[in-house]
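Below: one structure, written as structure tokens.
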Amino acid sequence: MTTYKIHPIVVGSKVIDKGIMTYQHGYGTEYHIPIYVWYLEGGDKKILVDTALMGVLPSKEREERIGGKIHTFEEGLAKWGLKPEDIDIVVHTHLHNDHCENDIKCKNAEFYVHKLEIETIHNPHPLDFRYELDFIEEVENAGRIVVIDQDEYEIVDGVRVIHTPSHTAGSLTVLVNTAKGLAAITGFCVINDNFEPPAAIRAIEMEVIAPGVHVNSYEAYNQVLRVKKLADIIIPLHEPGFSSVDTIG
Numbered sequence: 044m045t046t047y048k049i050h051p052i053v054v055g056s057k058v059i060d061k062g063i064m065t066y067q068h069g070y071g072t073e074y075h076i077p078i079y080v081w082y083l084e085g086g087d088k089k090i091l092v093d094t095a096l097m098g099v100l101p102s103k104e105r106e107e108r109i110g111g112k113i114h115t116f117e118e119g120l121a122k123w124g125l126k127p128e129d130i131d132i133v134v135h136t137h138l139h140n141d142h143c144e145n146d147i148k149c150k151n152a153e154f155y156v157h158k159l160e161i162e163t164i165h166n167p168h169p170l171d172f173r174y175e176l177d178f179i180e181e182v183e184n185a186g187r188i189v190v191i192d193q194d195e196y197e198i199v200d201g202v203r204v205i206h207t208p209s210h211t212a213g214s215l216t217v218l219v220n221t222a223k224g225l226a227a228i229t230g231f232c233v234i235n236d237n238f239e240p241p242a243a244i245r246a247i248e249m250e251v252i253a254p255g256v257h258v259n260s261y262e263a264y265n266q267v268l269r270v271k272k273l274a275d276i277i278i279p280l281h282e283p284g285f286s287s288v289d290t291i292g
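Every letter in the sequence shown is one number past the one before it in the numbering used here, and letter 241, counting from 1, is 284.
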């Protein structure tokens with residue numbers, strides 16, 4: 044089976060209340076999260092997980108807060124010898140704007156998205172303001188979206204997705220075979236604390252922490268626990284610790 048190296052590329056950052064990541068915990072704590080593109084190197088296809096933000100605001104202060112370099116989309120790809128038009132496949136964890144703004148630049152890519160994400164971006168609930176149809180409209184109209192309506196789907200040899208409804212109804216966790224084991228790029232927006240809670244949280248018999256933004260809190264908790272048990276390498280979608288890492292796996 045094909046194995047891959049996973050390259051985190053920081054394409055922006057946000058300042059948030061930590062509770063947006065950690066449901067029922069950390070509210071009132073300022074927290075800086077990186078916005079990532081993940082390049083999967085291996086096989087005969089150039090694969091990205093998400094395309095992140097277009098309007099990047101790099102600054103020394105932001106980089107110090109997340110612990111790594113912030114790139115534009117083009118700069119981040121160039122680090123690995125790539126241009127946006129070189130990308131063959133983009134797998135979307137979900138379609139919140141900070142995960143799909145650069146789709147339009149990947150002129151030759153197919154985009155893999157869960158059916159429920161497509162339905163939601165066309166008719167979002169008022170509570171979920173993070174969906175913006177403009178960012179995917181051109182690739183959708185061009186027929187370059189592959190809609191997934193299964194609990195598990197193989198993208199290519201060594202890369203598959205599982206439906207992990209939690210942060211959004213159509214969240215897809217990306218499972219990647221690496222030389223060091225099975226890696227999971229989470230389909231939900233979380234950090235390391237969600238998978239390895241502080242002692243005080245574990246003391247009240249919570250094995251994990253649900254994403255702070257979710258559709259159903261019980262289901263969100265269960266999906267975090269499911270992914271924790273499934274993978275050898277956990278890659279929370281907004282963990283700052285990966286911003287200084289070139290390669291995982």
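Cβ atoms here follow ideal geometry from the backbone N, Cα and C, with glycine treated the same way.
This structure is a prediction, so every number in the text was calculated from the model and none was measured.
- The beta carbon of His-114 sits closer than 8 Å to those of Ile-52, Val-53, Val-54, Val-99, Pro-101, Lys-122, all from its chain and outside the five residues before and after it, given in chain order.
- Distance from the CA atom of Val-80 to the CA atom of His-68, rounded to whole angstroms, is 27 Å.
- Listed in chain order, the alpha helix (DSSP H) elements of length 4 or more contained wholly in the segment 58-112 are 103-109.
- Rounded to the nearest whole angstrom, the CA to CA distance from Thr-216 to Lys-103 is 32 Å.
- The distance from the Cβ of Leu-218 to that of Ala-212 is about 20 Å, inconsistent with a contact at the 8 Å cut-off.
- Assignment of His-206 by DSSP, reduced to helix, strand and coil, places it in the strand class.
- Taking one beta carbon from each stretch, the segment 233-244 and the segment 188-207 have fewer than 3 pairs nearer than 8 Å; the two do not touch.
- Comparing alpha-carbon positions, the option among Glu-84, Tyr-82, Tyr-47, Ile-78 lying closest to Arg-108 turns out to be Ile-78.
- For Lys-126, the closest of Val-134, Val-133, Leu-280, Glu-117 by C-alpha to C-alpha distance is Glu-117.
- DSSP places Tyr-155 in the uninterrupted beta strand (DSSP E) bounded by 153-157.
- Asn-220 is bridged by DSSP to Leu-225.
- Under the DSSP assignment, Ile-191 falls in the beta strand (DSSP E) whose first and last residues are 188-191.
- A distance below 6 Å between beta-carbons, with the five flanking residues on each side excluded, links Asn-220 to the following residues of its chain, in chain order: Met-44, Thr-46, Gly-201.
- Put simply, the segment 249-260 does not touch the segment 190-198. Fewer than three CB pairs are less than 8 Å apart.
- Where Glu-195 is concerned, there is no enclosing alpha helix (DSSP H), although the beta strand (DSSP E) around it starts and stops at 195-199.
- One thing to note: Ala-152 has its Cβ within 9 Å of the Cβ of Ile-132.
- Counting C-beta pairs closer than 8 Å gives three or more between the segment 135-150 and the segment 227-239, which meets the contact rule.
- Rounded to whole angstroms, Glu-162 and Leu-170 show a C-alpha spacing of 15 Å.
- DSSP places Val-267 inside the alpha helix (DSSP H), whose first and last residues are 260-273.
- The C-alpha of Asp-87 is placed about 12 Å away from the C-alpha of Asp-129.
- Shown here, Val-182 sits in a helix according to DSSP, grouped into three states.
- Around the beta carbon of Leu-176, fewer than 16 other beta carbons lie within 10 angstroms, which makes this residue exposed.
- Here Gly-85 is buried: its Cβ has 16 or more other Cβ atoms, across all protein chains shown, within 10 Å.
- Pairing Ile-76 with Asp-289, the inter-Cα distance amounts to about 17 Å.
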